[in-house]
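Heads up: the structure comes next, in structure tokens.
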Amino acid sequence: MAAITNVEAFQVAWAGDKPGPRSSFVRITTDDGIQGYGECTPMHGGLHVLGIIANNLAPALVGKDPLDHAVVLDTLYHRFIKLGPEGSLTAAIAALDIALWDIKGKLLGQPVYKLLGGAWRTEIPFYTSLGQNAQRAVDDVVRAVEKRLKRDSPAAVKIRFDGDRTVLDHDIPGDIAKARAVRKLVGDGFMLGFDANNGYSVGGAIKVGRALEDLGYAWFEEPVQHYYVEAMGEVARRLDIVVTAGEQTYTMQGVVDLIDAGIKVIQCDPLKMGGITGLAQCIALAFAHGVEIVPHQTQPTIGHAANLHVNAIKMHATKPMEWNDPEERDTALMQTIMRTPWRMRNGRFQLPSGPGLGIEIDSDRLGKRIRPVETEGN
Ligand code: CA
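Under the numbering used here, think of the first position of the sequence shown as 23, with each following residue one higher.
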């Protein structure tokens, strides 16, 4: 039996000591020297999540068999449930789960997707997720989309609005004008998604949704506030366009609520809820109800690797996987910690076939960027 000897939770700084985006990783080491990497949601640099890992979960993992990961993590989930299953605790479990799958694959000499039953596809189409469009003028939205099309040749593009969440229906005519301009740019037949980032009332969402139907958009993401599950379902039931939601859902029980409300495409995030194990469970749950999982995922290194394996093992895949590359982040810089950075070809990513997650982390390069989180007692 292998045993876990060390669990490290740390931020990764991309702009030196200057303020800037930080990633949040875990690294688990076993007694035979195998190391697995995991990642959690980067909200606020992942500090809250990393704190739970460092202070509460890591000490309980030392000495455990990494192959018992589901039992170990479910035990910890229930032991610390009052830290909040809706967010930080499930993201902490997710990071650890991804790292333990990485170890499991390395122990057995197999890629994660093989251990989960095999891949339905080894070339995985992706869509470019382009944010901050509420703040752009129509022409600037078109220019931003054009730039991404040239650079990445994605299979689809999603325009996100990222507006002020405390204001609903702020500029419906403007939003529709942007959707129309992007359709004009890409031509009929190119797959487009529209992400409202929870910006509409039910009435506003119906109006925008009807316009998106006319413009041939493939999906309408999170039209209303995520906590109004019934309202999200009402919008989905009244519109013909596919309404998607779930990136702010942290439990399988929450996924059941979305399905019951009428959502047909669920976007749970492997870095926020349950990691690879959690997503595999959600895929089974969705399959049982005739709905589809299209994961939300925004991180370009370990998170992307985990997401590739998840997207490979699901049978039904009517939508491409997410590839998020915000302007403010330097994805190329982030990928310098990987010995083989991602390559996109014809709107697709190649599924990694090496053991575990199938990516090799350059520990020297990563080491220079590590910013440890403080633990209690330090
Ligand atoms: Ca979204």
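Ideal Cβ positions, reconstructed from N, Cα and C, are used throughout, including at glycine.
Item	Value
Would residue 26 pass as a contact of residue 109 if the rule is Cβ separation under 9 Å?	no
Put residue 35 into one of helix, strand or coil per three-state DSSP.	strand
Tell me whether residue 303 counts as near ligand 1, meaning its Cβ is closer than 8 Å to at least one heavy atom of that ligand.	no
Report the rounded CA-to-CA distance for residue 38 versus residue 361, giving the unit in angstroms.	20 Å
Flag this pair as touching only if the stretch 127-146 and the stretch 73-83 have three or more C-beta atom pairs under 8 Å; answer yes or no.	no
In its own chain, which residues sit with a C-beta less than 6 Å from the C-beta of residue 163, not counting the 5 before and 5 after it?	155 and 200
Are the Cβ atoms of residue 281 and residue 313 separated by less than 9 Å?	yes
If you measure between the beta carbons of residue 297 and residue 118, is that distance less than 9 Å?	yes
Between the C-alpha atoms of residue 121 and residue 259, what's the straight-line distance to the nearest angstrom?	39 Å
Assign residue 238 to one of two classes, buried (16 or more other C-beta atoms within 10 Å of its C-beta) or exposed (fewer than that).	exposed
Buried or exposed for residue 23, going by 16 or more other Cβ atoms inside 10 Å?	exposed
Who are the near neighbours of residue 385 in its chain, counting only those whose CB is closer than 6 Å to its CB and skipping five residues on each side?	none
Mind checking which residues open and close the beta strand (DSSP E) that includes residue 149?	145-152
Does residue 437 pass the burial test, meaning 16 or more other C-beta atoms within 10 Å, or should it be called exposed?	Since the first and last residues shown for the chain are 23 and 400, residue 437 lies out of range.
Tell me whether residue 186 counts as near ligand 1, meaning its Cβ is closer than 8 Å to at least one heavy atom of that ligand.	no
For residue 393, name the three-state secondary structure that DSSP assigns.	strand
Can you tell me whether residue 289 sits near ligand 1, meaning its C-beta is under 8 Å from at least one heavy atom of the ligand?	yes
Just the C-alpha distance for residue 161 and residue 193, rounded to the nearest angstrom, thanks.	16 Å
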